[in-house]
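A short write-up of the structure that comes next.
Residue numbers (UniProt numbering): 1 to 274.
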């Protein structure tokens, strides 16, 4: 038994204690696995480091001069970057559409889209965090955030998935209904869109499927990104669903199921290439 335990320990040590070299011109060591945490050291290109462990898209390292800290995987060559294949280790950016002076679409009773996008995003964030994902919100209160800033956050933290939630509106009230999933880059985002949309058929509203969306939050995104329209806010039938906790719970649960399927598919693809 002692020999087995020792073998497992040595395997884990050999797995993590690896030497590598910084491949970008300038890198920074962070106190935590977060770009907003304190920078503790500057590392020039070519610096040798020892990788001790990994978490999300971050490595915990030791430098040759003894500094310990966290460093994002994109400071290394491409083959050293971490492929996330489970929701537990994923970095997710959630975008509540509109906010502040931008109310978004209105219901027939003038309820504002921005209110419900934030409610949905906050519920989804809680559920994702409970499952171990690292979650960033483009906004967590009623404030105006520019369209440009939203994909910038996704690009900055190297999100494994960017999800923007909205509610649709038709030119005339009560003339349209249903849920639509939009993507921009087929190469980056079609698989994410497909796996999410596949879950939305039992929500109680027509699943209108996947469509190309030329939206800035998708167009400027260099990460897998989708925009979800969870019903028409100016349809009385859809809005009754949108504002119900039952529908919200089902929609956010379906997103999580879709994300699990998306990362499972990535894991299968990863194993096939090895």
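Ideal Cβ positions, reconstructed from N, Cα and C, are used throughout, including at glycine.
For residue i, the three-state DSSP class (helix, strand or coil)
i: residue 149; result: helix
i: residue 159; result: coil
i: residue 35; result: coil
i: residue 30; result: strand
i: residue 76; result: coil
i: residue 69; result: strand
i: residue 19; result: strand
i: residue 2; result: With a pLDDT of only 39 at residue 2, under the threshold of 50, the placement of this residue in the model should not be trusted, and no figure is reported.
i: residue 138; result: coil
i: residue 215; result: coil
i: residue 59; result: strand
First and last residue of the uninterrupted alpha helix (DSSP H) at residue i
i: residue 124; result: 113–130
i: residue 190; result: 186–197
Residues near residue i by beta carbon distance below 6 Å, same chain, minus five either side
i: residue 150; result: 95, 138 and 217
i: residue 259; result: 87
i: residue 143; result: 99 and 100
i: residue 156; result: none
i: residue 225; result: 162, 189 and 218
Of the residues the options, the one placed nearest residue i, counting alpha carbons only
i: residue 228; options: 167, 237 and 174; result: 167
i: residue 262; options: 193, 241, 243 and 219; result: 193
i: residue 40; options: 116, 62 and 182; result: 62
i: residue 176; options: 203, 208 and 111; result: 208
i: residue 99; options: 75, 50 and 146; result: 146
i: residue 82; options: 241, 65, 253 and 158; result: 158
i: residue 162; options: 221, 89 and 142; result: 221
i: residue 47; options: 60, 53, 38 and 65; result: 65
i: residue 114; options: 134, 181, 141 and 55; result: 141
i: residue 18; options: 35, 237, 36 and 52; result: 52
i: residue 160; options: 37, 20, 34 and 56; result: 56
i: residue 191; options: 202, 215 and 223; result: 223
i: residue 264; options: 89, 20 and 50; result: 89
7 Å Cβ shell around residue i - same chain, five flanking residues per side excluded
i: residue 275; result: Nothing can be reported for residue 275: it is not among the residues displayed for the chain, which extend from 1 to 274.
i: residue 242; result: 116, 167, 230, 231 and 233
i: residue 124; result: 94, 252 and 255
i: residue 211; result: 180 and 182
i: residue 91; result: 56, 57, 134, 157, 158, 159 and 160
Segment limits, beta strand (DSSP E) that includes residue i
i: residue 230; result: 225–232
i: residue 105; result: Looking at the DSSP string, residue 105 is not in any beta strand (DSSP E), and its letter there is neither H nor E.
i: residue 87; result: Element bounds for residue 87: n/a, residue is neither H nor E.
i: residue 51; result: 48–55
Proximal residues to residue i (C-beta, below 8 Å), its chain only, five neighbours per side dropped
i: residue 26; result: 42, 43, 44 and 45
i: residue 267; result: 85 and 86
**OP:** Evaluate the contact criterion for the segment 233–253 versus the segment 91–107: three or more CB pairs, one atom per stretch, below 8 Å.
**Re:** yes
Original post:
For the segment 22–41 against the segment 121–133, are there 3 or more C-beta pairs whose distance is under 8 Å?
Top reply: no
**OP:** Would you be able to state if there are at least three C-beta pairs under 8 Å between the segment 171–187 and the segment 68–76?
**Re:** no
Original post:
Does the count of Cβ pairs from the segment 197–211 and the segment 248–258 closer than 8 Å reach three?
Top reply: yes
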